[in-house]
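Remarks on the structure that follows.
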Amino acid sequence: MPIRRTLAALGAVLALACAVPARAQGLPPGMPGAGAIQSDAARLLPAYAPHGMVVSQEARATRVGAAILAKGGNAVDAAVAVGFALAVTLPRAGNLGGGGFMLVHLAARNETVAIDYRETAPAAASRDMFLGPDDEPDPKLSTASGRAVGVPGTVRGLAEALARYGSGRFRLADLIAPAEELARAGIRVEEDLADSLPHAAGLLGRWSSSRAVFFNGERPFAWGERLVQPDLAATLRAIAAKGPDAFYAGETARRIAAAVREAGGVMSEADLADYRVAVRAPVRGTYRGHEIVAMPPPSSGGVHLIEILNILEGYDLAAMGAGSADAIHLLAEAMKQAYADRAAYLGDPDRVRVPVRGLTAKDYAATLRARIDPARARPAEEVRPGDPLPHEPDQTTHFSVVDRDGNAVANTTTLNFSYGLGLVAAGTGVLLNNEMDDFSAKPGAQNAFGLVGGEANAVAPRARPLSSMTPTFVFRDGRLLLVTGSPGGSRIISTVLQVVTGVIDFGLSLAEAVAAPRVHHQWRPDALLVERGLSPDTLALLRARGHRVVVGSSSGSASSVMAVPGGLVGAADPRQRGTLAEGP
Ligand code: GLY
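Read left to right, the sequence shown gives residues -24 to -1, 1 to 560 (mature numbering (1 follows the signal peptide of the UniProt record, and there is no 0)).
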């Protein structure tokens, strides 16, 4: 196992989310509905609204969505507007040149659907395209060259979501207009944009087309300066006027394919023209009387969230206490097992058979639970993928929206790394992804997040690379309780897991569950990553059980909405600057 790559990967992951002091905001006085769920942490809750809520990692985009809700839009209308706005205001993760997953809950039909707009491999992609002359994976090829770019899915994904599930009150052009205005008039560089641009100077600085957008002379734009994106505004205007074909065919497609090929990639205009969204059935499970509904493959997120919850259901976590060494030990052991299974079984369901039912079965979880020693951490070498088959027939961003009728969207979207490949296709303003690194370059090889991939996730023409993105809904008694999701590469699944267990097991308010220190174990490397904020005696107890504890910077950035008596609470993650929860 290339240790250097592992440590570099962990460093990259840690750099994706910068730890920032918590922003504690007060609730409006006299807020109704302060019941047991909110407890005395109500003062921490960032937003309360009776008729809808938008939570994203960028305040201007949140406000765009809240305005659409205020004008009578439904959750999907608002989500589409937020998605386009984030491509302008949070360019390191919001995108037109990437892909993502949108979970939509339709209250009137009591139906939840999963829209898969993940990037696909170009038709000319091949199994060994990321191997160097020594036949070993070459991370430069899969993360830093044109070969890293998957065929973007975002524009078709957002348009398809609107066409299928929008309220009908807004045209695509209406929902693109705020983003176009932000790109054309420019935005003040501040908060996360100001924090992240200096880190991306090297990545963006390699391409003159990217420097033309993000640099002021020799350096990226700095806090207080103005980022104007005229080419991106023109691309948005064209999509508004002609629909997604303005992106997937004609001049924009020609420019994107040319930029990718000039950077050493293999994408053609035909790849863009052929891109299709997939609408899938979500993956479902239960946890202590709640229904968990989450993203199915090609994301591993929903499957392993449910697998881990199934394992944990056999323990009385509440009695152990939030943040206790006992509870963290069990979380870590369950995570290890799930990430080992991920490496063995998960891939594109259109190409390989993914044993979803087996991996999410309660009796499979019971066999895995039996392997866990409550007093000792199992070394990674002892953890092997289980056998679910008999049961069978960085950077990323997440936003959550709920409307007044109870429709909801959980949307996670990504360019993979912060600012993706760093390459803007000249003349389009579109930053391109490096999502192809989410394939396994070779069975057993790690990607940039240190995740091990198997045969099921090999590169293949038109395949979708495996993801960890975990947009999630939790229902109680058939009613929507929680909408959540997060960026964080490999740590997305564990971040969502701890928001869910925080609320369900430990009775935390949403704000407490989002703010509580997180832990993460992904099997390999064999390390328990913990955020700052756990007590030294807890860490000592974990080390005594055999965990290699690594205290690092922050993990994920969960944008969450929870139903409370009388309304909705939104909690934006305090780990990143500029996040916002707001109701209409
Ligand atoms: N690129 C990160 C993920 O999809 O999981």
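We treat Cβ as the ideally placed atom computed from N, Cα and C, and that holds for glycine.
Cβ-Cβ distance between residue i and residue j below 8 Å
i, j, result
"S416", "N409", "no"
"A303", "V359", "no"
"E507", "S535", "no"
"F449", "A520", "no"
"T343", "V259", "no"
"R494", "D168", "no"
"D381", "N86", "no"
"D53", "L134", "no"
"A402", "S244", "no"
"T404", "D250", "no"
"G546", "T471", "no"
"S444", "G277", "yes"
"G430", "P419", "yes"
"A90", "F77", "yes"
"I268", "L288", "no"
"N392", "D363", "no"
"V242", "R94", "no"
"V40", "A57", "yes"
"A298", "A487", "no"
"F425", "S466", "yes"
Per-residue burial, residue i [other beta carbons within 10 Å of its own, 16 or more giving buried]
i, result
"R339", "The amino acid occupying residue 339 in the given sequence is Asp; Arg does not appear at that position. Classification of D339: exposed, given that the 10 Å Cβ count is below 16."
"W499", "buried"
"A25", "buried"
"P(-4)", "For P(-4), the predicted structure reports a pLDDT of 23, less than 50, and the residue's modelled location is therefore unreliable. The matter cannot be settled from this model."
"E112", "exposed"
"N71", "buried"
"D92", "buried"
"N387", "buried"
"W183", "buried"
"D549", "buried"
"K47", "exposed"
"D513", "exposed"
"E558", "buried"
"S376", "buried"
"E227", "exposed"
"G478", "buried"
"A209", "buried"
"G200", "exposed"
"D292", "exposed"
"D104", "exposed"
"E309", "buried"
"N192", "exposed"
N-terminal and C-terminal residue of the alpha helix (DSSP H) that residue i is part of
i, result
"F60", "51 to 65"
"G178", "177 to 181"
"L208", "206 to 218"
"L408", "That residue, L408, is in no alpha helix (DSSP H); it is neither H nor E in DSSP."
"A38", "The question names Ala, but residue 38 in the sequence shown is Thr. From DSSP, the alpha helix (DSSP H) with T38 extends over 35 to 46."
"M311", "301 to 321"
"G334", "332 to 335"
"residue 589", "In the structure displayed, the chain extends from -24 to 560; residue 589 sits before or after that span and is not available."
"Y224", "221 to 224"
Span of the beta strand (DSSP E) around residue i
i, result
"H93", "In the sequence as presented, His is not what sits at residue 93; that position holds Tyr. Run containing Y93: 87 to 93, per the beta strand (DSSP E) assignment."
"V378", "372 to 379"
"A384", "384 to 390"
"V526", "525 to 528"
"S32", "28 to 32"
"L544", "543 to 547"
"S185", "From DSSP, S185 is part of no beta strand (DSSP E) but of the alpha helix (DSSP H) over 184 to 190."
"A25", "23 to 25"
"L82", "75 to 82"
"L556", "556 to 558"
"A539", "536 to 540"
Rounded Cβ spacing between residue i and residue j (contact assumed at less than 8 Å)
i, j, result
"A233", "L248", "6 Å"
"A239", "S121", "6 Å"
"S118", "L556", "About 34 Å; that fails the 8 Å criterion."
"Q371", "P463", "6 Å"
"E157", "R213", "The pair is not a contact, with the Cβ atoms about 10 Å apart (cut-off 8 Å)."
"E34", "L66", "4 Å"
Interface flag, residue i vs chain D, CB-CB below 8 Å
i, result
"R452", "The structure shown contains no chain D, having only a single protein chain."
TODO: List in chain order: all unbroken beta strand (DSSP E) runs of 3+ residues lying wholly within the stretch 231 to 298.
DONE: When DSSP assignments are scanned along the stretch 231 to 298, the uninterrupted stretches of beta strand (DSSP E) that are 3 or more residues long and fall wholly within it turn out to be 254 to 256, 259 to 263, 266 to 270.
Task: Ranges of the alpha helix (DSSP H) found wholly within the stretch 101 to 166, counting only runs of at least 4 - done: Those alpha helix (DSSP H) runs which fall completely within the stretch 101 to 166 and span 4+ residues are 115 to 120, 130 to 141, 148 to 161.
Open item on the list: Restricting to runs no shorter than 3 residues, where is the beta strand (DSSP E) found entirely within the stretch 434 to 517?
Closed with: Look at the stretch 434 to 517 and you find these whole runs of beta strand (DSSP E), each 3 residues long or longer: 448 to 452, 455 to 460, 504 to 507.
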